[in-house]
Structure formats: C-alpha cells, structure tokens
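**Q**
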Amino acid sequence: MAIRFSRPRALALCALPVLALFGTAAFAPLPFTVAQPGTTADVLGDDKGTPVITIKGAPTRSTDGKLLMTTILATAPTADIGIGDVVDSWFRTDRAVMPRDSVYPSGDSEKEIEQHNLQDMKESQNVAVDAALNYLDMKPGSVDVTLHLADVGGPSAGLFFSLGIVDKLSEDLDGGLTGGRTVAGTGTIESDGTVGAVGGVSLKTQAARRDGATVFLVPKDECKQAKAERPDGLRLVSVTTLKGAVSALRALDQGGTVPGC
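As numbered in our numbering, residues 1 to 261 make up the sequence shown, in order.
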C-alpha cells in the first residue's frame with residue numbers, strides 16, 4: 001500500500017537518517033588529514049647553519065635572490081579528525097582537508113611513515129642531482145654534490161634542488177636564475193628533467209607569499225588548483241621540465257615570454 005506524505009513530513013522523515021549519521025560522525029574519528037601552509041627553505045642558503053647545497057670538484061658561482069622550496073604541515077597520521085575539524089577547514093582558505101591515505105601510506109606506524117617520508121626525500125635528492133648534472137652535461141664522477149635539509153620529508157623539493165645546483169654551477173647565468181627575486185615553487189623531478197605534480201599546491205602558494213616570494217613555479221597539471229587560491233602579488237609560472245623552468249626564469253629576468261597558468 002502506497003502512503004503519500006505531505007512535503008514537510010516527507011522531508012523530516014528523510015532527514016532522520018542523515019541527522020543520525022552526522023550525530024555519529026561528530027563523535028567518531030574520520031579518515032582525513034587537515035593540512036596548512038608549512039615552512040619554506042632557501043636551497044641557495046643555509047639550513048640550521050649548514051649549506052643546503054655543497055659542491056666539490058667544480059667551480060661554483062655566487063648566487064643572489066632566493067629559491068624557496070615549500071611544504072605543507074599536516075596533522076599526524078594518528079590524529080583524531082572529527083567532523084568539526086572538517087567543517088571548520090572547509091570554510092578556511094589556509095586549511096585543506098585531504099584523505100589520510102593521500103598524505104600517509106595506509107597501515108604503517110607513525111615511525112614507519114616518518115622513515116618512509118625521509119627515504120622519499122633522500123631518493124628525491126639523489127635524482128635531483130642527476131637531473132641537474134644531466135642538464136649541465138656534467139659527469140657525476142667529476143663533481144660531488146651534497147644536499148642537506150633537516151626535518152623535511154617527501155619528494156616535492158626535487159625541482160628546487162635541481163634549480164639550486166644549476167644556479168650554482170652555470171657559468172653563463174648573468175644575474176643568476178632568480179634575477180635577485182625570491183622565487184618559490186614545488187614539483188618532483190625525474191633524472192631526465194621531467195617535473196611531476198605533488199599536491200597541496202594552494203597551501204604552498206600561501207607559504208611562499210608569506211615568506212616574500214613574488215614568483216611561484218607550479219607543475220602544469222596543478223595550475224588550476226594553484227590559480228584557485230593564488231595570493232595577491234604572486235605570479236604563477238607553469239613548468240613541465242627542468243629545462244623549461246630554467247628557460248622561464250631567464251625569460252622572466254629578460255622580459256621575455258613566460259608560461260603562465
């Protein structure tokens with residue numbers, strides 16, 4: 001037998017399961033991580049008193065300006081994230097709600113996750129050196145590059161490590177890569193110079209502008225996300241390769257055409 005309800009009653013009845021769901025969710029941890037703009041580090045400078053990039057076996061040039069690699073700060077993998085945290089973050093531009101397994105490997109302990117991220121950073125550094133030396137047509141055996149950056153995990157600094165090495169080793173860069181600017185950005189790197197997406201770009205642009213950057217290099221595939229929350233005064237430059245990033249920075253300094261988002 002069909003029962004026909006008036007609209008207000010029908011809506012009220014439909015809402016009961018939803019209210020019950022929200023009531024339960026309010027007290028249950030959710031599988032999310034809340035992220036915010038993190039720290040930045042100048043790969044052309046020092047980190048806790050130690051140069052980020054140390055080069056032996058080849059002459060280096062003095063650099064100016066800054067090349068800021070950017071990070072996000074995420075809640076711990078074991079943190080209990082409730083629906084209140086999620087709703088609050090949805091209404092803030094300096095917060096982002098991300099699936100926990102998109103930030104941290106699932107099933108690992110907090111210690112294992114930390115080690116995993118540090119290993120990612122180590123591998124990223126090695127690949128960044130290879131990419132830079134390949135770009136410069138230099139053999140690894142004749143030049144020794146050491147990278148140092150404490151308390152940062154993950155692969156997203158790869159592009160900027162490579163750019164820093166190129167800036168220090170290139171002899172034909174009048175004014176250097178930065179042109180005296182503070183340039184920030186993000187992106188993974190492959191040994192052939194391919195730049196990859198990383199996630200959290202909109203938060204990283206905020207960290208960059210906060211720390212004085214006026215230019216931000218963003219992997220092309222993440223341009224849409226970067227544009228959505230672009231801080232005032234920050235110019236977005238789209239990149240797909242290390243060679244393209246170098247060319248874009250040189251064009252920016254010389255008044256040439258620069259690929260934007």
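Beta carbons are placed, not taken as given, at the ideal position from N, Cα and C, and that holds for glycine.
Over what stretch of residues does the alpha helix (DSSP H) that includes LEU169 continue unbroken?
**A** 158-169
**Q** In chain order, what residues of the same chain lie with their CB nearer than 6 angstroms to the CB of GLU190, ignoring the 5 residues before and after it?
**A** none
**Q** Rank ILE83, VAL52 and MET69 by C-alpha distance to the C-alpha of PRO31 and give the top, closest one.
**A** ILE83
**Q** Which of the three DSSP states, helix, strand or coil, is assigned to LEU234?
**A** Residue state, collapsed to three classes: coil.
**Q** Residues bridged to GLY185 by DSSP?
**A** MET69 and LEU217
**Q** Taking the alpha-carbon positions, what's the PRO140 to SER162 distance?
**A** Taking the straight line joining both Cα atoms gives about 14 angstroms.
**Q** Using a Cβ-Cβ cut-off of 7 angstroms (strictly less than) and excluding sequence neighbours within five positions of ARG100, which residues of its own chain qualify?
**A** PRO31, PHE32, THR33 and PRO77
**Q** DSSP puts ALA208 in a beta bridge; with which residues?
**A** According to DSSP, ALA208 bridges with nothing at all.
**Q** Buried or exposed: where does LYS168 fall if 16 or more other Cβ atoms within 10 Å of its Cβ makes it buried?
**A** buried
**Q** Does the beta-carbon distance from THR40 to ASP211 come in below 7 angstroms?
**A** Yes.
**Q** So, is THR214 buried or exposed, given that buried needs 16 or more other C-beta atoms within 10 angstroms?
**A** exposed
**Q** Quick one: what does DSSP say LYS111 is sitting in, helix, strand or coil?
**A** helix
**Q** With DSSP collapsed to three states, give me the class of ALA248.
**A** helix
**Q** Evaluate GLU222 with the Cβ neighbour count: other Cβ atoms within 10 Å of its Cβ, from every protein chain shown; 16 or more gives buried, anything less gives exposed.
**A** buried
**Q** Should SER124 be labelled buried (16 or more other beta-carbon atoms within 10 Å of its own) or exposed?
**A** buried
**Q** Do you know offhand how far GLY187's Cα is from GLY256's?
**A** Cα-Cα distance, rounded: 23 angstroms.
**Q** Which same chain residues end up closer than 8 angstroms to ARG88 when comparing Cβ atoms and leaving out the 5 residues on each side of it in sequence?
**A** First, the residue type needs correcting, since residue 88 is Asp and not Arg in the sequence shown. Here the set comprises ARG95.
**Q** For GLY57, which residues from the same chain have a beta carbon less than 8 angstroms from its beta carbon, with the 5 sequence-adjacent residues on both sides left out?
**A** SER142, VAL143 and ASP144
**Q** Is GLY255 helix, strand or coil by DSSP?
**A** coil
**Q** Just checking my contact of LYS264 with GLY193 at CB under 8 angstroms: how many whole Å lie between their CB atoms?
**A** No answer is possible for residue 264: it lies beyond the span of the chain, which begins at 1 and ends at 261.
**Q** Could you compute how far the alpha carbon of LEU234 sits from the alpha carbon of ALA79?
**A** 33 angstroms
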